[in-house]
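Novice: Supplied in structure tokens, the structure appears directly below.
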Amino acid sequence: MGKSVVRGLVIATLLAGAASLSVPFVVNRLLPAQAETHAGAHDRGARTQPILYWRDPSGRPSWSASPTQDASGRPYLPVYDADEPPLAGVPKPAVADASRKILYYRNPMGLPDVSPTPKKDPMGMDYVPVYDGEEPTGGAIKVSLAKIQRSGVRTEPASTRVLIRPVRGVGTVKYDESRLTAVTVRSESYVEDLFVNTTGARVRAGQPLFRIYSRDIQLAQVDLNVAISAQSRGVGGLGPQPVDGAMQKLRNLGVPERHIEEVRTKGINPRTVNWVSAGDGVVIEKKIVNGQRLMPGDELYRIADLSRMWVIAEVSELDLPSIAEGMHASVTLRAYPTEPREGTVTFIYPDLRPETRTARVRIELDNPDGRLRNDMYADVVFHAGADAEPAVTVPESAVMDSGSRKVVFVSKEDGRFEPRDVRLGRQGQGYVEIRDGVAEGEAVVTTATFLIDSESNLNAALKSFVVPEQTP
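Just so we're aligned, residue 1 is where the sequence shown starts under full-length UniProt numbering, counting upward by one.
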């Protein structure tokens, strides 16, 4: 559809609606004196130029598609194609630069259509000439400086850094299982007195917990006294063996070493024994009452040493490959959100929870102030990659991922950008590792990458449609 056809349709529309116009609409309006002069000029070239329509000779907004006269009998003036002003929104035809070599003409709307000669698109717009030096060469894309400035294209050089990718999880504070102590007896006994009678009580190593009477312990003490007495009198040439055997029997019954030494040195036979704590800690379980009959192996107390605690964190199985024993982790208790603590991963449990598809990771924390309490909730951040080697990295925004390809645009001189296929590695802190495709120091596009990508796709399409030059 050419320019004349488009204008003819527009004029026909204007003529059809001229009577209903409520505001002045003047096309090529001339004063009456000017109209006569203009009419003469039109008459001289009337045989060589097409007439688009006829207008009112007085300049009023009145037109006709065929010759006619006004109310005074004056004929309407013809309007030729050369005299018609350009329509609003229709661009002027591109004027080719005669001093430069034209390679081909491309579609003005950016469609993948080119022509070796000037032509118009279906809307009447002229194809845009592409000069020598502006065509897409190799894999580089050329973008005008004005477009780069308007679109906010920014670049950043690829740099070497250690990528630390935070892996987050939730955890629960637990007692250190290696610091738990169970208090039991090894013979049938009876509780005669109870010194620690509440759960949660703090105890120290060597502190008496309860007093018991045990027939087996009483007989072992008698054997020790008899052996010591016989040894002192030299009866039968007895040596130290019977004494050592009697003392070992008391040790086998779990009698405290201090009590055994007192029996040996003083030669006494106490009826009861004070049972003492083996270490410092807090009573977290108590299963003994005063007067109770105790059987061998009964657990009477469970004492936990709170100087060190565990945090059992739940980590997604997708993040599990990033976790390793010895890794540092930050633990923030929800009770103390402004006081993060640093711990170390000491164990990764070998199973997954089927309900949540998470793995359990154990972190050890020192607890000198005793503020860590069992079953507290905590937020855990693992510093994955802190011990890794530095790598070439670019911002994550620089990578365009189409699913099958991962591309980075490298900035060249004169507004050119080269697409590079890259192989990615670790991610963290807003950056991604480039294992192949970009070298350290090369500037990559970090913003407006979609603009460069669209130019790349357009140039690739144009290049595929370029008509090869005919050889004579």
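Beta carbons are placed, not taken as given, at the ideal position from N, Cα and C, and that holds for glycine.
Over what stretch of residues does the beta strand (DSSP E) that includes Met123 continue unbroken?
Specialist: Here residue 123 refers to the residue found at position 123 of the sequence shown. Here Met123 belongs to no beta strand (DSSP E), and DSSP marks it neither H nor E.
Novice: Going by C-alpha to C-alpha distance, which of Gly171, Pro166, Arg100 sits closest to Thr358?
Specialist: As a first step, residue 358 is located in the sequence shown; it is residue number 358 there, counting from the start. Of the candidates Gly171, Pro166, Arg100, the one whose C-alpha sits nearest the C-alpha of Thr358 is Gly171.
Novice: Return the first residue and the last residue of the beta strand (DSSP E) that Ile312 is part of.
Specialist: In the sequence shown, counting from the first residue as 1, residue 312 sits at position 312. Residues 308-316.
Novice: When DSSP labels each residue in this structure, what does Arg405 get in the three-state scheme?
Specialist: Locating residue 405 in the sequence shown gives position 405, where the first residue counts as 1. Coil, per DSSP.
Novice: Closer than 6 Å by C-beta to Pro166: which residues in its own chain qualify, once you throw out the five before and the five after it? Chain order, please.
Specialist: In the sequence shown, the residue the question calls residue 166 occupies position 166. For Pro166, where only same-chain residues beyond five positions count, the Cβ hits under 6 Å are Val381.
Novice: Going along the chain, which unbroken runs of the beta strand (DSSP E) with 3 or more residues stay wholly within the region 354-381?
Specialist: Runs of the beta strand (DSSP E) inside the region 354-381: 358-366.
Novice: Assuming Arg233 is part of the beta strand (DSSP E), what are its boundary residues?
Specialist: Locating residue 233 in the sequence shown gives position 233, where the first residue counts as 1. Segment 215-233 is the alpha helix (DSSP H) holding Arg233; no beta strand (DSSP E) there.
Novice: Could you say which of Gln429, Thr447, Val438, Tyr377 lies nearest to Val162 if we only look at CA atoms?
Specialist: For the purposes of this step, residue 162 is taken as residue 162 along the sequence shown, with counting starting at 1. Nearest of Gln429, Thr447, Val438, Tyr377 to Val162, Cα basis: Gln429.
Novice: For Val170, name the three-state secondary structure that DSSP assigns.
Specialist: Stepping through the sequence shown from its first residue, residue 170 is reached at position 170. DSSP places Val170 in strand when its eight states are reduced to three.
Novice: Once DSSP output is grouped into helix, strand and coil, what is the label at Leu253?
Specialist: What you label residue 253 is simply residue 253 of the sequence shown in a count that begins at 1. Coil, per DSSP.
Novice: Mind checking whether Gly437 and Val408 have CB atoms under 8 Å apart?
Specialist: Walking along the sequence shown from the start, residue 437 turns up at place 437. Walking along the sequence shown from the start, residue 408 turns up at place 408. Their beta carbons are under 8 Å apart, which means Gly437 touches Val408 by this criterion.
Novice: Which same chain residues end up closer than 6 Å to Gly281 when comparing Cβ atoms and leaving out the 5 residues on each side of it in sequence?
Specialist: The residue labelled residue 281 in the question sits at position 281 within the sequence shown. Excluding residues within five positions, the ones whose Cβ falls inside 6 Å are Ile303, Ala304, Asp305.
Novice: State the DSSP-derived secondary structure class of Lys266, mapped to helix, strand or coil.
Specialist: For the purposes of this step, residue 266 is taken as residue 266 along the sequence shown, with counting starting at 1. DSSP places Lys266 in helix when its eight states are reduced to three.
Novice: Taking the alpha-carbon positions, what's the Val410 to Met400 distance?
Specialist: Here residue 410 corresponds to residue number 410 of the sequence shown, with the count starting at 1. Here residue 400 corresponds to residue number 400 of the sequence shown, with the count starting at 1. Cα-Cα distance, rounded: 12 Å.
Novice: At the level of alpha carbons, what is the spacing between Ala329 and Ala391?
Specialist: In the sequence shown, counting from the first residue as 1, residue 329 sits at position 329. In the sequence shown, counting from the first residue as 1, residue 391 sits at position 391. The straight-line gap from Cα to Cα measures roughly 22 Å.
Novice: Report yes if the CB atom of Val445 is closer than 8 Å to the CB atom of Ala158, and no otherwise.
Specialist: Taking the sequence shown and counting its residues from 1, one reaches residue 445 at position 445. Taking the sequence shown and counting its residues from 1, one reaches residue 158 at position 158. The answer is no: Cβ separation not under 8 Å.
Novice: Would you mind reading off the limits of the beta strand (DSSP E) that contains Ala443?
Specialist: The residue given as residue 443 occupies position 443 in the sequence shown. 443-447 is the extent of the beta strand (DSSP E) around Ala443.
Novice: Roughly how many whole angstroms lie between the Cα atoms of Arg426 and Asp319?
Specialist: In the sequence shown, counting from the first residue as 1, residue 426 sits at position 426. In the sequence shown, counting from the first residue as 1, residue 319 sits at position 319. Distance between the alpha carbons of Arg426 and Asp319 is about 12 Å.
Novice: From Ala439 to Tyr105, what distance separates their C-alpha atoms?
Specialist: Taking the first residue of the sequence shown as 1, we reach residue 439 at position 439. Taking the first residue of the sequence shown as 1, we reach residue 105 at position 105. Approximately 37 Å, taken between the alpha carbons.
Novice: Keeping to the same chain, check which residues put their C-beta closer than 8 Å to that of Asn252; ignore five residues upstream and five downstream.
Specialist: Here the question's residue 252 lines up with position 252 in the sequence shown. Contacts found: Arg186.
Novice: Rounding to the nearest angstrom, what Cα-Cα distance links Val331 and Leu424 in this structure?
Specialist: The sequence position of residue 331 within the sequence shown is 331, counting from 1. The sequence position of residue 424 within the sequence shown is 424, counting from 1. Near 30 Å, if we compare the C-alpha coordinates of Leu424 and Val331.
Novice: By the three-class DSSP mapping on this structure, what secondary structure does Ala246 have?
Specialist: Mapped onto the sequence shown, residue 246 falls at position 246. Here Ala246 sits in helix by DSSP.
Novice: With a Cβ-Cβ cutoff of 8 Å, do Gln207 and Val276 count as a contact?
Specialist: Position 207 of the sequence shown holds residue 207. Position 276 of the sequence shown holds residue 276. Yes, they are a contact pair.
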